[in-house]
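**Q**
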Amino acid sequence: MEVSTEYAVQMHGITKLFGSFCALDHVDLDVKKGSIHAVLGENGAGKSTLMNILYGLYQADSGEIYINGKKAEIKNPNTAIGHGIGMVHQHFMLVDNFTVTQNIILGNEVTGKFGIIDTKKAREEIIGIVKKYGLEVDPDAKIEDISVGMQQRVEILKALYRGADLLILDEPTAVLTPQEIEELIEIMRSLISGGKTIIIITHKLKEIKASSDVCTIIRRGHSIDTVPVADVDEEQLATMMVGHAVKLVVEKAPAKPGDVIFEIENLTVKNERGLEAVRNLSLKIRRGEILGIAGIDGNGQKELVEAITCLTRAQSGTIKINGVEIQNTTPRNVIDHKVSTIHEDRQRRGLVLPFTVAENAVIEKYRTPEFTRRGMIDRSRMTGFARRLIEDYDIRPAGCESQPVRGLSGGNQQKVIIAREISNEPELLIAVQPTRGLDVGAVEYVHKMLVRERDAGRAVLLISLELDEIMNVADTIGVIYAGSIVASFPQGKVDENTIGLLMAGGRLNETGSEST
Amino acid sequence: MKLAAKVLKKPIASTLIAVLFGFIVAAVVLVAAGYNPGQSFGALFHGIFAKPKYISNVIIKATPIILTGLSVAFAFQTGLFNIGAEGQYIAGAVAAVLVGVKLDLPPVLQIPVVVMAGVLGGTLFGWIVGYLKARFGIHEVITSIMLNWIGLYLSNFVVASGTYHMPNSTSTYPVNPSSYTMLLPNWKTSKAGMAALKPHQWLYEVMLKTDVNFGFLVAVLMAAIIWYLLYRSAKGYELRAVGFNRDAAEFAGINVNKNITDAMVIAGALAGLAGALAITGTAPHKISTLAAFENNGFNGLSVALIAGSSPIGCIFAGLLFGGLLYGGQSVQQDVGAPTEIINIMIGTIVFFVALTKIVPVLAEKLEKRGAGHVQ
Ligand SMILES: Nc1ncnc2c1ncn2[C@@H]1O[C@H](COP(=O)(O)OP(=O)(O)OP(=O)(O)O)[C@@H](O)[C@H]1O
Ligand SMILES: [Mg+2]
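The listed protein sequences correspond, in order, to chains W and A.
Residue numbers for the first sequence follow our numbering, beginning at 1280 and rising by one.
Residue numbers for the second sequence follow our numbering, beginning at 296 and rising by one.
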């Protein structure tokens, strides 16, 4: 591609090695000014690495970068900012007990006389940006008091305040609720009409279709193609990304539910602030059944999972697995009763990041005779076990069993957890947002796994903020609102609108809903 | 270039560079203070290596700080900052004296009993810290600092108390000789022993002029055991998991509180062992009134830092530290430079080791430059 001032950014022939592993092999990316450009690729394809190079966090081993048609040397984030590049990372970098304004000016303070920070002027400037792009953030709120979606806006503001013309958003929607995603897309549009350019990474094809103009596909460190989004459909995108056809709809045989093996009755749980987050909640799951819980974030999902896994005390009510009460015991006891959980917060609860993949793979069973004899861990068995999981679950890069899990891409970290939890052969498998941050191929895979577990006679509890996922995968769909299951339906007996209404606290007039 | 970069990325390389920088800065300070650095370093190395007895004394001096260093390094690997090694060391020494003065069994029984008493003393101090953290969430640094002072005053209390105080002195009675852990303490001073040692100049000097004792062997053994415990045992896996990510460990069913307590108990035991072995292995085999801390525990912090919290590394870091402490005395005697210079040097080494995270970064730069040249 010619170098031209039509393009905000052109990255040509970018190659990046990590040791002997080639993460990017002569990758090209040309982003037209004033466009929204999506970057699509499987987990571990090299998307974040490419963006980190553009933002100066990594240095390419070879290749050129042109900004507005001029060759640029981007040595570190400061030079990137100097070139008008801003980046919003998936994990925010904000100071919790600072206000929005303080966070935005941090490291870039406007000082008046005697070097005193001119907060007033900065605040006005921020309000100006907020108004211009419809970002709607209270500049005086503390970070710890605002939602994740708001925090993301603060990150965007921070970049704009530093004069960014090109914004890189690395998986911005993975942490957002569906409503927040719509709002973000609106904001992106107003940024474009304000003359900005955006690069967005996302695994959700729907979002690419809804927001982007052009899409570049990367597969295992190679550029595959760059296409106008209007010319392709979701299936085609998925196929280009994975290299073979992907089924976006979950295929499964009708459920053959058996006995009830998991039962919650009248459960009440308080949250950290002492408020009842789960109220009188009851539910049942049978063998061979996937119960999906749909709901808007913050309606008690987190506390429900914490109570089941005994991280939090239940105020009242019972939780029974195979007839045994497990509430208010210990996480160990819950695991011993064959409950496995894929936690939504993989880096905090799911993994010990400095541990190797192998060490992480055995974290719930290192004490079993399989891995420990006379108090000593059998390391060859441990790595052997991890190698099997890596192979069975296609965790990449192959042969990563002795690497710290921190070096894996986000999606592959998730696969390590999923592989580990399923390998426990649980009676009840709890999956909370199991596909967050996964590419479509991996999503298909995870859904298949959940169905396979179901068919193997396990009970599966799927909790997700993505309605599509619940509608597609669950055999029974429950709706959680204000800490209670307000209704439940067999799959296919309810439409998305009804569920959406119930999730928002609406009521059903029609009969046919069997409320629990 | 590539090779240089590769070597520089090894942690040991950065440590050695830090040591080198420590010497350079010390040289600058020496010049500024009007001393000849060459002469001073000459005196330092002379004071460490010139005579067998010097080397022996360095090892003796290194023994307790290897153990306290191990205590700190171990705690650090499990996510705890054991600034209380000082107090645990004192508790170990006090407990060893309490038992060793009163009890007089045959050595085969006496030595294990007295050493175990010291270990228990340190363990108790460590346990208190661990328990308070696990049960009430009180930060270990706060309780450790308080226990350090409690240890100091406890020690002084024992020195002053009736049955232990040796009249006309500022110390207790020494422990009974049956508790001594020197190499052949009776034989070497006997006629036969002297006669046997006499022809071997080197042995004679080391055996008779220094307190050669088993402590160093114990310290090396403990370093190996701690390494094995941390990296090969199920318990060590647990401890490290809790240290790296408490939330994930808890979620995986690991008992976090128990592991915090266990880690502090083991750390305390190691520091207590250091205190006990100092009493049984080196003169004057007793405790004296302490006006200030003797730094056996605090030096352990530096040793652990230099060692990068590696148990095996503690052996070498402890020897380096012991060498500087002991050889530093010669700098004062021979050149007249104040021992503060040595302290500055130690300080700089620790400082640069703390900064060694930048060495791999420099190595990366070097590597890139190398790659540039190749193209
Ligand atoms: N610092 C690093 N050291 C070693 N390997 C790395 C490092 N960072 C990334 N990698 C490897 O490079 C490859 C690309 O990683 P990258 O994070 O760019 O993937 P990604 O496309 O963003 O994936 P995801 O969608 O899962 O976030 C992966 O195989 C990853 O394991
Ligand atoms: Mg990524």
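Beta carbons: idealized from backbone N, C-alpha and C, even for Gly.
#1: Applying a beta-carbon distance threshold of less than 7 Å, which residues of chain W neighbour A/Gly374?
#2: For W/Met1366, does the count of other Cβ atoms within 10 angstroms reach 16, so buried, or fall short, so exposed?
#3: To the nearest angstrom, how far is the alpha carbon of A/Tyr523 from that of A/Ala308?
#4: With burial defined as no fewer than 16 other Cβ atoms inside 10 Å of the residue's Cβ, what is the status of W/Ile1395: buried or exposed?
#5: Confirm, please, whether the CB-CB distance from W/Asp1309 to W/Gly1292 is below 9 Å.
#6: Just to make sure I have the definition right: I need the residues of chain W whose C-beta is within less than 8 Å of the C-beta of A/Phe539. Which are they?
#7: Which residue marks the beginning of the alpha helix (DSSP H) containing A/Ser464, and which one marks its end?
#8: Tell me which residues share the same chain as A/Thr505 and place their Cβ nearer than 8 Å to its Cβ, disregarding the 5 neighbours each side in the sequence.
#9: Is the beta carbon of W/Gln1369 within less than 8 Å of some heavy atom of ligand 2?
#10: What does A/Val435 touch in chain W if you count any residue whose Cβ is under 7 Å from its own?
#11: Rounding to the nearest angstrom, what Cα-Cα distance links W/Lys1488 and A/Thr643 in this structure?
#12: If you run the structure through DSSP and keep just helix, strand and coil, what is W/Ile1621?
#13: Exposed or buried, A/Val669, counting other C-beta atoms within 10 Å across all chains shown (16 or more means buried)?
#14: What is the DSSP secondary structure of A/Ile319, reduced to helix, strand or coil?
#15: Within the 9 Å Cβ cut-off, does W/Ile1742 reach chain A?
#16: Quick one: Cα of W/Asn1846 to Cα of W/Arg1699, how far?
#17: Is the Cβ of A/Lys428 closer than 9 Å to any Cβ of chain W?
#18: May I ask you to report which of helix, strand or coil DSSP gives A/Val403?
#19: Please report how far the alpha carbon of W/Asp1673 lies from the alpha carbon of W/Leu1373, in whole angstroms.
#20: Check the Cβ of A/Gly608 against every Cβ in chain W and list those closer than 8 Å, keeping chain order.
#21: For a test of your reading of the model: does the CB of W/Cys1679 fall under 8 Å from any non-hydrogen atom of ligand 1? Yes or no.
#22: Can you look up W/Asp1504 in the DSSP assignment and give me helix, strand or coil?
#23: Please state if the CB of W/Arg1432 and the CB of W/Val1416 are separated by a distance shorter than 9 Å.
#24: Let me know the secondary structure DSSP gives A/Thr584 once reduced to three states.
#25: Taking the C-alpha atoms as reference points, what is the distance between A/Leu620 and A/Ala586?
#26: Over the uninterrupted beta strand (DSSP E) stretch that includes W/Asn1559, give me the two end residues.
#27: What distance in whole Å lies between the Cβ atoms of A/Asn377 and A/Ser439, which are believed to be in contact at a cut-off of 8 Å?
#28: Run the CB neighbour count on A/Arg535, radius 10 Å, all protein chains shown included, and call it buried at 16 or more, exposed below.
#29: Helix, strand or coil: how does DSSP classify A/Ile574 here?
#30: If you reduce the DSSP assignment to three classes, tell me which class W/Phe1297 lands in.
#31: Any C-beta of chain W sitting closer than 9 Å to the C-beta of A/Glu500?
#32: Kindly list the residues whose CB is nearer than 7 Å to the CB of W/Phe1297, restricted to its own chain and excluding five residues on each side of it in sequence; keep chain order.
#33: Nearest CA to the CA of W/Ala1302: which residue from W/Asp1624, W/Ser1502, W/Thr1588?
#34: Considering only the beta carbon of each residue, do W/Leu1434 and W/Asp1375 sit closer than 9 Å?
#35: What does DSSP give as the partner residues of W/Val1493 in its beta bridges?
#36: Would you say the beta carbon of W/Gly1689 is closer than 8 Å to some non-hydrogen atom of ligand 2?
**A** In this structure, then:
#1: Chain-ordered listing is empty here: chain W has no CB closer than 7 Å to the CB of A/Gly374, the nearest sitting near 11 Å.
#2: Result: buried.
#3: Their backbone Cα atoms lie some 24 Å apart in a straight line.
#4: Exposed: under 16 other Cβ atoms inside 10 Å.
#5: Contact: no.
#6: Per Cβ cutoff of 8 Å: Val1631, Leu1632, Pro1633, Phe1634.
#7: The continuous stretches of alpha helix (DSSP H) do not include A/Ser464, and DSSP gives it neither H nor E.
#8: Cβ within range, chain order: Lys348, Ser351, Asn352, Ile355.
#9: Answer for W/Gln1369: yes, Cβ within range of ligand 2.
#10: The sequence given here has Glu at residue 435 of chain A, not Val. None at all; the shortest Cβ gap to chain W is about 21 Å.
#11: Distance between the alpha carbons of W/Lys1488 and A/Thr643: 59 Å.
#12: Three-state DSSP puts W/Ile1621 in a strand.
#13: With a pLDDT of 37 at A/Val669, under the threshold of 50, the modelled position of this residue cannot be trusted, and the question is left open.
#14: Helix.
#15: The C-beta of W/Ile1742 comes no closer than 9 Å to any C-beta of chain A.
#16: Chain W is shown only over 1280 to 1795; residue 1846 of chain W falls outside these bounds and no answer can be derived.
#17: Chain W contact via Cβ: absent.
#18: Reduced to three states, the DSSP call for A/Val403 is helix.
#19: Cα-Cα distance, rounded: 35 Å.
#20: Within chain W, no residue comes near A/Gly608; the closest Cβ sits about 18 Å away, beyond 8 Å.
#21: Yes; taking the cut-off as 8 Å, the Cβ of W/Cys1679 has a heavy atom of ligand 1 nearer than that.
#22: Of the three classes helix, strand and coil, the one that applies to W/Asp1504 here is strand, per DSSP.
#23: The Cβ-Cβ distance between W/Val1416 and W/Arg1432 falls below 9 Å.
#24: Secondary structure of A/Thr584 (DSSP, three-state): coil.
#25: Taking the straight line joining both Cα atoms gives about 20 Å.
#26: Per DSSP, the unbroken beta strand (DSSP E) holding W/Asn1559 starts and ends at 1555 to 1565.
#27: 7 Å between Cβ atoms; contact.
#28: That one is buried.
#29: Residue state, collapsed to three classes: helix.
#30: In this structure, W/Phe1297 counts as strand in the three-state DSSP scheme.
#31: Cβ-Cβ to chain W under 9 Å: no for A/Glu500.
#32: So no residue of the chain qualifies.
#33: Selected option, being the one with the closest Cα: W/Ser1502.
#34: The residue you asked about is not Leu; residue 1434 of chain W is Glu in the sequence shown. W/Asp1375 sits away from W/Glu1434, with the two beta carbons spaced by 9 Å or more.
#35: W/His1316, W/Pro1507, per the DSSP bridge assignment.
#36: Taking 8 Å as the cut-off, the C-beta of W/Gly1689 counts as close to a heavy atom of ligand 2.
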